[in-house]
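**Q** Numbering (the numbering used here), first residue to last: 558 to 947. By construction, the Cβ of each residue, glycine as well, lies at the ideal position given by its N, Cα and C atoms.
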Ligand SMILES: *Cc1c(COP(=O)(O)O)cnc(C)c1O
């Protein structure tokens, strides 16, 4: 008999009942160090006082009105995002996949407005992940996600990640945009070198096409900049944001330049919940912390510390681990053992991590993780690796 919850997930046999900063408490009382952070969502850890205050204060005032009316919290969050990024404008969603939907629609509408109705194609990359909607799975294109769900939304081409020549050759007069994650998350923590991102920006400029970045996982301070593309010194035209922006409250956004958003006039897009007062009150509190230069410099310092310790871990356990990769506090342990076994051994050692493609274990701690917790995390990974070796 089918379970009452549709069985689309392979869940670990764990039930967490409370969270405190970088810690998760299981119903049996065990305390897990959380290097999953709800898949890069709990950017400020669990139960951060500022987020609890923002949420509960708003909860006592007004939860939801819909976008029939002005929403001051949404306006404030949009202003903060515009002030701190390349963007001139923001649309709020409830998830990353909804941000993907709008990013694709916006790129197509841009060319429609320009009278180039044939420019609908989007160049995307192998190993990418853009969510589970019909546009999201078509954009990522992997067999695993698309099998059985056809007919797929047409207009997507998939090229090897980082293959500049292939992109240059694939651009045609039907190309609307290039879409990529600056650091692939689900694909196995694969950062695109800064020079490659610059090269893609140059190609876009040369051909007048749009650059869409999916920073749903790598954005919101995760790499040590507010957004990962800042490391390369180039700006996108459209950007998808979600995960960390709500700190655990469902919230996403599409940021865009005024030029890219030209077709998105009243009535062209919408969402009942998107940008509601509760979500945006929390989003503002997250932004107030993460967009702070001192906070980001701490992320960078702690990222260096974690990475250095992980290099030691890899060197000490060559049968389990191959290498460390990633950017900031978005790190991957490329494994020689089976990554799922490493994650399971981690659970036994009371540490939560996340598997990814390419036999990688992802480490996505709260950006507020402390030095002591970093040391403890690596000690627990040592325990897990030693047990796997036996
Ligand atoms: C998680 C993720 C998404 C999808 O976000 P949801 O909130 O799960 O819909 C899209 N793109 C990237 C890069 C992601 O990591």
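If we count the other Cβ atoms within 10 Å of its Cβ and call it buried at 16 or more, is residue 919 buried or exposed?
**A** The residue in question, residue 919, is buried, as its Cβ has 16 or more Cβ neighbours within 10 Å.
**Q** With 16 other CB atoms within 10 Å as the buried threshold, where does residue 558 fall?
**A** It counts as exposed.
**Q** Give the list of continuous alpha helix (DSSP H) stretches no shorter than 4 residues that lie fully inside the segment 574 to 648.
**A** List check, alpha helix (DSSP H) in window: 594 to 597, 606 to 616, 629 to 641.
**Q** List the whole-angstrom C-beta distance separating residue 912 from residue 628, where the pair is believed to meet the contact cut-off of C-beta under 8 Å.
**A** Contact flag wrong, Cβ pair sits at about 38 Å.
**Q** How should residue 885 be labelled, buried or exposed, when 16 other C-beta atoms within 10 angstroms of its C-beta is the threshold for buried?
**A** When all chains shown are included, residue 885 counts as buried.
**Q** Assign residue 561 to one of two classes, buried (16 or more other C-beta atoms within 10 Å of its C-beta) or exposed (fewer than that).
**A** Looking at its Cβ environment, which holds fewer than 16 other Cβ atoms inside 10 Å, residue 561 is exposed.
**Q** From what residue to what residue does the alpha helix (DSSP H) around residue 903 run?
**A** Residues 896 to 905.
**Q** Quick check on this structure: which residue in 621, 606, 593 has the alpha carbon closest to the alpha carbon of residue 830?
**A** The shortest Cα separation from residue 830 among 621, 606, 593 belongs to 621.
**Q** I'd like to confirm something about residue 654: is its beta-carbon nearer than 6 Å to some heavy atom of ligand 1, or not?
**A** Checking every heavy atom of ligand 1 against the Cβ of residue 654, one is found closer than 6 Å.
**Q** By how many angstroms is the C-alpha of residue 942 removed from the C-alpha of residue 823?
**A** Near 55 Å, if we compare the C-alpha coordinates of residue 942 and residue 823.
**Q** Just how far apart, CA to CA, sit residue 748 and residue 928?
**A** Residue 748 and residue 928: Cα-Cα distance of roughly 25 Å.
**Q** Going by the beta-carbon positions, is the gap between residue 908 and residue 882 smaller than 7 Å?
**A** Their beta carbons are not under 7 Å apart, which means residue 908 does not touch residue 882 by this criterion.
**Q** Is the segment 726 to 739 touching the segment 697 to 709, taking contact as three or more C-beta pairs under 8 Å?
**A** Taking 8 Å as the limit for Cβ pairs, the verdict is that the segment 697 to 709 does not touch the segment 726 to 739.
**Q** Give me whichever residues DSSP pairs with residue 748 in a beta bridge.
**A** Per DSSP, 740.
**Q** According to DSSP, what are the bridge partners of residue 804?
**A** Residue 804 is bridged to 806.
**Q** Which residues bound the beta strand (DSSP E) around residue 797?
**A** First-last of the beta strand (DSSP E) with residue 797: 795 to 798.
**Q** Consult DSSP for residue 828 and reduce its assignment to one of helix, strand or coil.
**A** Residue 828: coil per DSSP, three-state reduction.
**Q** Just list the residues that DSSP pairs residue 560 with in beta bridges.
**A** Note: residue 560 sits in no beta bridge, so no partner.
**Q** If you check the beta carbons only, do residue 797 and residue 697 fall under 7 Å apart?
**A** Contact: no.
**Q** At what residues does the beta strand (DSSP E) containing residue 943 begin and finish?
**A** Segment 928 to 946 is the alpha helix (DSSP H) holding residue 943; no beta strand (DSSP E) there.
**Q** Tell me the rounded alpha-carbon separation between residue 668 and residue 662.
**A** Those two C-alpha atoms are separated by around 10 Å.
**Q** List in chain order: all unbroken beta strand (DSSP E) runs of 3+ residues lying wholly within the segment 664 to 737.
**A** Correct list: 678 to 682, 713 to 716, 732 to 737.
**Q** Is the separation between the beta-carbon of residue 770 and that of residue 786 shorter than 7 Å?
**A** Taking 7 Å as the Cβ cut-off, residue 770 and residue 786 qualify as a contacting pair.
**Q** Please classify residue 887: does DSSP put it in a helix, a strand, or coil?
**A** In the structure shown, residue 887 sits in a strand (DSSP, three-state: E or B).
**Q** For the structure I just gave you, are there three or more beta carbon pairs, one from the segment 799 to 814 and one from the segment 888 to 907, closer than 8 Å?
**A** With the cut-off at 8 Å, the segment 799 to 814 and the segment 888 to 907 do not touch.
**Q** Which residues in the same chain as residue 681 place their Cβ atom closer than 6 Å to its Cβ, once the five residues preceding and following it in sequence are excluded?
**A** Correct list, in chain order: 696, 713, 715, 736.
**Q** If I'm right that residue 902 touches residue 944 with Cβ under 8 Å, what's the distance once you round it to whole angstroms?
**A** 5 Å between Cβ atoms; contact.
**Q** Is the closest heavy atom of ligand 1 to the C-beta of residue 771 under 6 Å?
**A** Yes, since a heavy atom of ligand 1 falls inside the 6 Å radius drawn around the Cβ of residue 771.
**Q** So, is residue 651 buried or exposed, given that buried needs 16 or more other C-beta atoms within 10 angstroms?
**A** With 16 or more Cβ atoms within 10 Å of its Cβ, residue 651 is classed as buried.
**Q** What residues are listed by DSSP as bridge partners for residue 771?
**A** Answer is 797.
**Q** Would you say residue 889 touches ligand 1, meaning its beta carbon is less than 6 Å from a heavy atom?
**A** It does not: the Cβ of residue 889 is nowhere closer than 6 Å to a heavy atom of ligand 1.
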